[in-house]
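What follows is a short report on a single structure.
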């Protein structure tokens, strides 16, 4: 809104200085001093990012808070007057419900999401919406212009019928020539001068009030459609393209869009999981069972149980919980210096880095520490003295002198490592004997600590000591598991032994990263399953296939060759300690300053990698990398270091070089490479025609000339064969003719089932479905190669196959013999299905059998299951039921493809979908909570909220909760705040006002605040108890607000009430109460939790509270559909809430809130089972049952369910 609009609305500015702002209103004629000359509490300088000024002034809690923010590029000021509360600041996001344009946001988002499936980005521009086609061929833009769709007035999208009409026009255009509406994967790094589109989208992500910490995400918004393997592209017209040498911190086995995942999508293996997540706490989840069984059979019989969590930190938390209850018990964790185990509280206490750990450490729960004996040569086998493991198992070792004779036979370096190991093992023995240690947590290879390797000798001895003390040992393989070492698990590569020489394994192993969710391999069962995302497990299963097909040894060879060459090409001592195993490699450089300068240049130099430890540059390779890409990376690294050498000039030592680098001015961004826009049109002088059987007969002689020119005899067709193909069912053929009537190129193919003798075709899983088109021939006269004729043929083939009703194009490319066709097919979305050996009559002949989806990213959603009962239990995981219409359409259109196929590290990167989700959250955020933190699940949400509180109150040690509260059961912190769970931190649980009355509950709260004065982090409470149905009344909440104003941080859990479930008019029920929350915790289902923060409980420092995944893109998309539908379903929610209340109110002791209810009963398990037998599914709780229907539950469904309930109760 321009300044003039504020003036015309009655606002007048009398002063604008750096120290004071005065605002006059026509209704109040009141001056509001902002700073009173005091220094601002927060500031963000223009050099730091987007905001020109961002300062706040705080006064006594009982007084108003004044805030002023301005964006120098587009000055905006909003003014809001609420009861007793003035606020100066940016306006809320344009789509906030209070502004009356939430419908516009929803319509624009739904249109944008649908258009994204066709390679189009919808971007607002003043009063129009632009369909940005510039990532597609120029011919696409011409089609859009001709159809009047390139620029659409916003006024043309004002209702669902407008949306349907516009989508119909776009879809018809895209379906007329689908070959022009598909993005092409990038092939090599590129650096543009600027990234204007990414910058504009990131502004939307951060919002006007720094919804997320400013500049926390990397500058490139990721383009799923143009990224492939290790090459990642931004959404810009001229994109940033970089080689991911970190494999997104070990999460990717193949890079982006891995063929094994795409094939799983093509074959329907994901089922309906991507659109409606099942609940593993009380449902059988096939994806989890399949993944668990696939992992167990690969663990050599060492583990009987597999459990799941949402992240690596949660996996470690669950492993620690199982260990604590299965071993001797205790309250201390034994960990190792240099370790990193995640950022939830308990693993964070076992993380060595003081910067990451100490701000969040709780007194009395500090870990015990041991040194980590770093082995510099990963492949060197450390000799194991006779009786080594037995001596540690029986406790015979009391001093290092025990092994003097054995160490005398070693080289000095071997002896040094050996004696260090002995000393550390002796310290382990001492600590386990003297401290109440319940678990030993160790990484088989420390990643974050500096790629530090460990000997199997040490680990076997440590395991023996743990066994003697009945203290479970957990190996943290969050980074190293799922194939990084070459073995599936790193501990397998270490060949651990017990005292009898029998292969051994740790008691528990934690996994994540490449597993795509948290996984725990365990000797003991999981006491309580965790809600996780089934689609992530399906992706994890595909990653097992990738692991088994990865040529790890070949990759390791070229990785070592390249790094050793880099070290040799530079002055001695600059690049040292080249080390690695499998897909994990690293080098050391003179200092962290040298590495950080390299990292400041990494994007424009075309690569991504990260620092580890103090001075280690680490690399995580994947199956899609080849030596050409790797050598290009080595060249970029060498250029960066050589430029530093040139800038520094003479130096005496690596140390002096490092010191000089630290003084260099920042390295400027540099554009590199020339970007060429894609094109699919025919050059002048050629024409395309469709082939018919008679036309094939006319061109046979010319076709045979092309055959002889292109193929060796074994691969040539006969004239009769070519003519016969034209008679097959589903035949599609095209020819490109010159202006002189000569055949320049041709293609032909037919339905897959016409080729039963062709290897690959006859084993294709789609055989017999009639859904796949086999591309048999595609040849270009050598005279005309390089003119784009092959691409024109392939696009024509795609268009015709789509029109004919096929879902896939399949074909074969000879390995090493089709230099142009392989890249061409990949550029149109082909993925490898299988590599065939012994082809073309040659023992060494190989062929790649590929598949191109006609609708990129689309998956087929199966029809609903045979369950004909009523599900009133799973509305939290499936808020829109088992088959949400909007999500089915999105999945089948292809809008979800990128998020299903890929798991990005959202702590680093954003996508258009994650940005749209952030915009929606900004629109519906709880009152006064202008910031948000993203988490990968319910429990990580709890810990991240607590860490934000702890960061702002370093003396805080105690978190209060109300009896009956439930926030999770996977992390130690969540269990410690949840009623009826095994607590770890022993925090006070206070009486609930619904149980003891408001006055008594407040008295207990005040007593706790007095007892723990100065040490209370906050109070966590549910407005409506998810597991108990206990509800907080407004009297109690008003008193909480008084205490919040006096300094108590109040965290409101809205998992059971948020997302339009508990309130008719608001997304979050707290907006209807007298309480202004400090934080709002909302677990959305799947692999996503949100912590909304008010300024008082917010950490604006970038990266301070991140976790690698920071949520999940697919879960964000599902949640966005949930929020959009929830807003629209207002009338249905009103009616269904009243329908539910009319029944529940008549039941003794039952409670309800919006669209949920709790009914107490004596035997919940038996009652829930009885109801299920009758056809009604409810949620079993400890003291009763819950009813949690989908938000779109119908009147008839709810009536049937409630009738069943009443009859059974009667």
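In this note's numbering, the protein residues as written are 37 to 1246. For each residue, glycine too, the CB sits at the ideal point set by N, CA and C. Here the structure is a predicted model, which is why all the values come from computation and not from measurement.
Would you verify that the beta carbon of residue i is, or is not, closer than 8 Å to some beta carbon of chain D?
| i | result |
| --- | --- |
| residue 680 | No chain D appears in the structure shown, which is made up of a single protein chain. |
State yes or no: is the C-beta of residue i within less than 8 Å of the C-beta of residue j?
| i | j | result |
| --- | --- | --- |
| residue 1244 | residue 1216 | no |
| residue 780 | residue 768 | no |
| residue 1144 | residue 941 | yes |
| residue 982 | residue 1041 | no |
| residue 518 | residue 289 | yes |
| residue 165 | residue 209 | no |
| residue 271 | residue 218 | no |
| residue 1151 | residue 1190 | no |
Below 6 Å CB to CB, which residues in the same chain sit around residue i once its five sequence neighbours on both sides are set aside?
| i | result |
| --- | --- |
| residue 378 | 348, 349 and 352 |
| residue 263 | 269 and 292 |
| residue 442 | 421 |
| residue 54 | Interpretation of residue 54 is limited by its pLDDT of 32, a score under 50 that renders its predicted location unreliable; no figure is taken from the coordinates. |
| residue 970 | 1146 and 1147 |
What does the alpha-carbon distance come out to for the pair residue i and residue j?
| i | j | result |
| --- | --- | --- |
| residue 493 | residue 1155 | 48 Å |
| residue 687 | residue 693 | 6 Å |
| residue 274 | residue 280 | 19 Å |
| residue 206 | residue 265 | 30 Å |
| residue 186 | residue 170 | 11 Å |
| residue 1132 | residue 1114 | 7 Å |
| residue 1033 | residue 1013 | 21 Å |
| residue 294 | residue 867 | 8 Å |
| residue 368 | residue 471 | 7 Å |
| residue 838 | residue 850 | 25 Å |
| residue 666 | residue 489 | 23 Å |
| residue 78 | residue 1082 | The predicted position of residue 78 is uncertain, since its pLDDT is 32 and thus under 50; a value taken from the coordinates is nonetheless stated next. Cα to Cα, residue 78 sits roughly 21 Å from residue 1082. |
| residue 141 | residue 956 | 8 Å |
| residue 429 | residue 1097 | 56 Å |
| residue 276 | residue 684 | 29 Å |
| residue 943 | residue 1186 | 42 Å |
| residue 221 | residue 720 | 26 Å |
| residue 999 | residue 505 | 36 Å |
| residue 716 | residue 797 | 28 Å |
Between the options, which lies nearest to residue i when the distance is taken from Cα to Cα?
| i | options | result |
| --- | --- | --- |
| residue 627 | 636, 650 and 634 | 650 |
| residue 573 | 912, 503 and 937 | 937 |
| residue 583 | 364, 151, 330 and 624 | 330 |
| residue 310 | 376, 213 and 918 | 918 |
| residue 539 | 545, 546 and 530 | 530 |
| residue 286 | 566, 514, 716 and 784 | 514 |
| residue 318 | 471, 895, 907 and 862 | 907 |
| residue 831 | 173, 374, 1095 and 141 | 173 |
| residue 1073 | 606, 296 and 1030 | 1030 |
| residue 479 | 544, 426, 500 and 435 | 544 |
| residue 363 | 336, 468, 641 and 496 | 468 |
| residue 761 | 886, 238 and 784 | 784 |
| residue 898 | 255, 138, 202 and 304 | 304 |
| residue 997 | 792, 1059, 546 and 816 | 1059 |
| residue 161 | 190, 184, 154 and 151 | 190 |
Per the DSSP calculation, residue i is bridged to which residue(s)?
| i | result |
| --- | --- |
| residue 670 | Note: residue 670 sits in no beta bridge, so no partner. |
| residue 1215 | 1222 |
| residue 565 | Residue 565 is not bridged to any residue. |
| residue 968 | 1128 |
| residue 1101 | Its beta-bridge partners do not exist; DSSP assigns none. |
Near residue i, what residues of its chain come up, given a Cβ to Cβ distance below 7 Å and the 5 sequence neighbours on each side ignored?
| i | result |
| --- | --- |
| residue 926 | 149 and 932 |
| residue 835 | 213, 214 and 215 |
Among the residues of its own chain, which have a CB less than 8 Å from the CB of residue i, if the five just before and after it don't count?
| i | result |
| --- | --- |
| residue 84 | Reliability of the predicted coordinates at residue 84 is poor, the pLDDT of 30 falling under 50, and the value obtained from them is presented with this limitation in mind. The answer, listed in chain order, is 250 and 251. |
| residue 1330 | Limits of the chain in this structure are 37 at one end and 1246 at the other, which puts residue 1330 out of reach. |
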